[in-house]
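Chains A and B, in that order, are what the protein sequence lines are.
Under my numbering, the first residue of the first sequence carries the number 1, and numbering increases by one thereafter.
Under my numbering, the first residue of the second sequence carries the number 1, and numbering increases by one thereafter.
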Amino acid sequence: MRKREYLGQLELMVLLAVMRPAGDTYGVRISREIAEKSGREVALASVYAALERLERKGFVTASLGEPTAERGGKARTYFKPTAAGIREAREAHATLLRLSSGLAALAAGIG
Amino acid sequence: MSARRPPELARWLLQHLGPGYRNESLEGDLFEQYQLGASRSWYWQQAMAAVMVAGARRVRELLARIVATTLLRALTEAGLLLGALVLAQQDRQICSPRDMVNPSSVLTLVAAIALLMSWGFYVSLAVGRGSRRDRLGRRAQTPLKRMLAVFAITALSAGTLTWARTQAGAHCGVLACACAGGGASVVGPQPAAQAGTR
């Protein structure tokens, strides 16, 4: 049986940010998405470090775009989730929902 | 319209001390954001974060390797030393040509050859270590695995030598005593043998 790869918090956020319907996700977009949705500024290098781990675990695939002048002649790397990545994100989401059931009760008690 | 030039030193640091994974894309992303109006301090912050991420990764990778290599080297050296000491002790107990074909002596010889081979291998590894790199520029894993093989051979050899010494001590102690005529060092059941002659 294959050993299950667990995701860290940043990895999960990056994986979820990669899952955009447009499919044009690259470093800046992912970083911006995380900042907008979580209110947390993440350094681009940290995003790439998480992407590297996700790629190694087989949860995302990367493809190189064309180099452009507005990027100083550097190409973009586009990321896409794999089937395993989508499955893992779903499982993590379900786990979080199950675990946070106590939170609602606690919040009701306080309220 | 000419492009804004990002801080040269920050760029240089990013290129030379960056994480290595998709470095070009990271540089391009930073350049793109800088053209869209990001400040110099933002660029510096991002570049320094990249250097720190790369540094932390290198330390993590190196630390495990250094600990494993040091431990294996220490164990191998201890094994080699123990083997050499036992070999020297064993050599003292062979006192006649008949003892040379004794199974424990043959085993000792084989273990000694294995010990010498592993020593040679160990030295060659210590001299040429870290020189090989794979196509991604990472240091190859093989030296550590080879060091493990050296350790296994050494441990086996030292174990065989210790066992052979115990075997030889059980029956050659009397022999050594008898053929050395009291002049040689006597090992094993010396008091019993002396009591028997009295």
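Beta carbons are placed, not taken as given, at the ideal position from N, Cα and C, and that holds for glycine.
Within the DSSP bridge table, the entry for residue 79 (chain A) names A:25 and A:62 as partners. One thing to note: residue 88 (chain A) has its Cβ within 9 Å of the Cβ of residue 59 (chain A). Within chain A, 71, 72 and 74 have C-beta atoms less than 9 Å from the C-beta of residue 27 (chain B), given in sequence order.
For the region 32-43 of chain B, the beta-carbon criterion of a distance under 8 Å to any beta-carbon of chain A is satisfied by 32, 33 and 35. Within the region 53-67 of chain B, the residues whose Cβ lies closer than 8 Å to any Cβ of chain A are, in chain order, 53, 54 and 57. Bridge pairing for residue 67 (chain A): A:75 [DSSP]. Secondary structure note for residue 19 (chain A): it is in no alpha helix (DSSP H), with a DSSP letter that is neither H nor E. Straight-line measurement puts the Cα of residue 53 (chain A) at about 8 Å from the Cα of residue 11 (chain A).
Listed in chain order, the positions of the region 4-18 of chain B with a beta carbon within less than 7 Å of a beta carbon of chain A would be empty, since no residue qualifies. For residue 27 (chain A), the neighbours in chain B by C-beta distance under 7 Å run, in chain order, 25, 26 and 29. If you draw a straight line from the Cα of residue 161 (chain B) to the Cα of residue 71 (chain B), it comes to about 23 Å.
At a cut-off of 9 Å, the C-beta of residue 44 (chain A) has a neighbouring C-beta in chain B. DSSP places residue 49 (chain A) in the uninterrupted alpha helix (DSSP H) bounded by 44-57. For residue 6 (chain A), the three-state secondary structure derived from DSSP is coil. By the Cβ-count criterion, residue 30 (chain A) is buried, with 16 or more other Cβ atoms from all chains shown falling within 10 Å of its own Cβ. One Cα belongs to residue 57 (chain B), the other to residue 14 (chain A), and the distance between them is close to 19 Å. In this structure, residue 22 (chain B) lies near residue 62 (chain A), with their beta-carbon atoms less than 9 Å apart.
The three-state secondary structure of residue 36 (chain B), taken from DSSP, is coil. The C-beta of residue 153 (chain B) has 16 or more other C-beta atoms within 10 Å across all chains shown, which makes the residue buried. Pairing residue 77 (chain A) with residue 65 (chain A) gives a Cβ-Cβ distance under 9 Å. Within chain B, the C-beta atoms nearer than 7 Å to that of residue 48 (chain A) come from 19, 21, 22 and 26, in chain order. A direct Cα-to-Cα measurement between residue 17 (chain A) and residue 27 (chain A) gives close to 10 Å. In the DSSP assignment, residue 8 (chain B) falls within the unbroken alpha helix (DSSP H) covering 8-17.
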